[in-house]
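K.L.:
In the numbering used here, the protein residues as written are 102 to 402. Yeah, the Cβ is synthetic: ideal placement off N, Cα and C, and Gly gets one too. Since this is a predicted model, take the numbers as computed values, not measurements.
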Ligand SMILES: NC(=O)c1ccc[n+]([C@@H]2O[C@H](COP(=O)([O-])OP(=O)(O)OC[C@H]3O[C@@H](n4cnc5c(N)ncnc54)[C@H](OP(=O)(O)O)[C@@H]3O)[C@@H](O)[C@H]2O)c1
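#1: In this structure, how does DSSP classify residue 386 when only helix, strand and coil are distinguished?
#2: Does the beta-carbon of residue 208 have 16 or more other beta-carbons within 10 angstroms, so that it is buried, or is it exposed?
#3: Assuming residue 152 is part of the alpha helix (DSSP H), what are its boundary residues?
#4: Could you tell me the alpha carbon to alpha carbon distance between residue 342 and residue 329, rounded to whole angstroms?
#5: Identify, in the order they occur along the chain, each residue of the same chain with its Cβ nearer than 8 Å to the Cβ of residue 102, setting aside the five sequence neighbours on each side.
#6: Between the stretch 170-178 and the stretch 254-267, are three or more C-beta pairs nearer than 8 Å?
#7: Which parts of the stretch 198-261 are runs of the alpha helix (DSSP H), unbroken and 4 residues or longer, counting only runs that do not cross its ends?
#8: Would you mind working out which of 312, 186, 114, 210 sits nearest residue 201, comparing C-alpha positions?
#9: Is there at least one non-hydrogen atom of ligand 1 closer than 7 Å to the beta-carbon of residue 282?
#10: Using 8 Å as the threshold, is the C-beta distance between residue 260 and residue 282 below it?
#11: Per the contact definition of three or more C-beta pairs closer than 8 Å, is the stretch 285-301 in contact with the stretch 227-236?
#12: What is the DSSP secondary structure of residue 356, reduced to helix, strand or coil?
#13: Among all the DSSP beta bridges, which residues are the ones paired with residue 193?
#14: Determine the contact status of residue 242 and residue 305, defining contact as a CB-CB distance below 8 Å.
#15: Cβ of residue 461 versus every heavy atom of ligand 1: is any distance shorter than 7 Å?
#16: Is residue 315 near ligand 1, in the sense that its beta carbon is under 7 Å from a heavy atom of that ligand?
#17: Quick one: what's residue 343 bridged to in DSSP?
#18: Rounded to the nearest angstrom, what separates residue 184 and residue 135 at their Cα positions?
#19: Report the three-state DSSP secondary structure of residue 398 (helix, strand or coil).
#20: From residue 182 to residue 358, what does the alpha carbon distance come to, in whole angstroms?
#21: Compute the Euclidean distance between the alpha carbons of residue 307 and residue 114, then round it to the nearest angstrom.
#22: Across which residues does DSSP place residue 267 in a beta bridge pair?
#23: What does a CB cutoff of less than 6 Å around residue 284 pick up in its chain, not counting 5 residues either side in sequence?
#24: Can you find at least 3 beta carbon pairs, one from the stretch 136-149 and one from the stretch 157-173, that sit closer than 8 Å?
#25: Determine the contact status of residue 271 and residue 251, defining contact as a CB-CB distance below 8 Å.
#26: Which of the three DSSP states, helix, strand or coil, is assigned to residue 381?
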C-alpha cells in the first residue's frame, strides 16, 4: 500500500510517500481502507519526534473509510461498511491507504468521508471537555478556538445543551463562529473587556481549545480557576485549571456518532480548510504549522 512514512523524525520534509506492506487485522480489529485522514496538531509533535515513536512510523490519528477486512471477534460491522474513528496504533496511523482500528462508529448515509474524518477528534475532545465543566442550561460559557475542530464542536454541543456561548476566534472566522450559534469575539488586546461587553450576565464556565496563552484571560473572566478547563494548554494545570488529554482509554465514539447524525440531518457544521493527496503530506504539515487554516486539513490517500 501507499503511505506517508516517517523514517527519521524532524521537520515536515521527513514525511515521504512509500510502498509498505498493508497491516493485517488481529483479534477485534478492522482493516480500514482510509478515504480521508484528518490532520491534527499532535501529529506535528509526533512527526518531530516528541512522541518517541519507533521508526519507521505512519502517523495519523483519525480516519474515515470503509471496512476492507475484519479480524476474529469483530461484531457490528461488515466488509464495506463506512466507518470513522481512531487507528489502534500511533505508529500505524491513517496517513496510508489502510490502517487498523477497533474504535470507530459507522458513518450515516449522506455524510462525506471528508466531513466524517474532520469530526472524530474534535467531537470526542469537545464533548469530554464540556462535560468536565458540568454546564447547566441557561449558563454562559466562553470557548476559545471556537473556529477550530475542537472549538467548533464545543460551541455546537454547548448550544445543544442550552448554553449561551461566547466564541473566541480570529477575524476571518467571526462569521463562521456566529453561524454556529455563538456570539463571536476576535482574540487580541483587551480580550477580557470585550468579552464582558457582550456577556449579558455572569460568565459561568470557560473552555480553552486554543492554548495560545488565553487561559489567563479565562481565569480573569471567571475570577479564578474554577470551572475553567483547557484541552490545549497542559501547563495551565499548575494554575489550578483542569487540563484534559485525550488518550486511547478515554476515547468516546458516541459524541462522534451524534455529530455525524446531525451532519446528516443538516444540523451540524464542519469546516474543511483544504485537502491534500497523500504524496503532499509534507506540504499539508507545513500548512498546519502556519496556522489559521480556515478549517480542517485532510489527507486523501
Ligand atoms: N486535549 C487533547 O487531547 C487534544 C486533542 C486534540 C487537540 N488538542 C489541542 O487543541 C488545540 C486545537 O486543536 P484543533 O485541531 O481544534 O486546531 P485548529 O482546528 O487548528 O483550531 C485552532 C484554533 O485556535 C485559534 N487560534 C489560532 N491562533 C490563535 C491565537 N494566537 N490566539 C487565539 N486563538 C488562536 C484558531 O482561530 P483562527 O483560525 O480563527 O485564527 C482556531 O480557532 C491544539 O492545541 C491541539 O493540540 C488537544
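P.N.:
A quick look at the data gives this:
#1: Per DSSP, reduced to three states, the secondary structure at residue 386 is helical.
#2: Using a 10 angstroms sphere on the CB of residue 208, the tally of other CB atoms reaches 16 or more, which defines it as buried.
#3: Counting along the chain, residue 152 falls outside any alpha helix (DSSP H), and DSSP gives it neither H nor E.
#4: Distance between the alpha carbons of residue 342 and residue 329 is about 6 Å.
#5: Counting only Cβ-Cβ distances below 8 Å, and skipping sequence neighbours, we find 120, 121, 122, 123, 197, 198, 199.
#6: Result no; under three Cβ-Cβ pairs closer than 8 Å.
#7: Qualifying alpha helix (DSSP H) stretches, in chain order: 214-218, 221-233, 250-261.
#8: With distances taken between Cα atoms, residue 201 lies closest to 186.
#9: Because no heavy atom of ligand 1 lies under 7 Å away, the Cβ of residue 282 does not count as near it: no.
#10: Yes; because the gap between Cβ atoms is below 8 Å, this pair is in contact.
#11: Counting Cβ pairs under 8 Å, fewer than three are found: no touch.
#12: Note: residue 356 maps to helix in three-state DSSP.
#13: In the DSSP output, where bridge partners are listed per residue, residue 193 has 159.
#14: Yes, the Cβ-Cβ distance between residue 242 and residue 305 is below 8 Å.
#15: For the chain, the structure presents residues 102 to 402; residue 461 sits outside this window and is missing.
#16: Residue 315: yes, Cβ under 7 Å from ligand 1.
#17: According to DSSP, residue 343 bridges with 330.
#18: Distance between the alpha carbons of residue 184 and residue 135: 9 Å.
#19: Residue 398 falls in the strand class under three-state DSSP.
#20: So the alpha carbons of these two residues sit roughly 14 Å apart.
#21: Taking the straight line from one Cα to the other gives about 37 Å.
#22: Secondary-structure assignment with DSSP links residue 267 through a beta bridge to 243, 284.
#23: The residues are 267, 299.
#24: Contact check between the stretch 136-149 and the stretch 157-173: three or more CB pairs, one atom from each, fall below 8 Å, which counts as touching.
#25: Contact: no.
#26: In the structure shown, residue 381 adopts helical secondary structure according to DSSP, grouped into three states.
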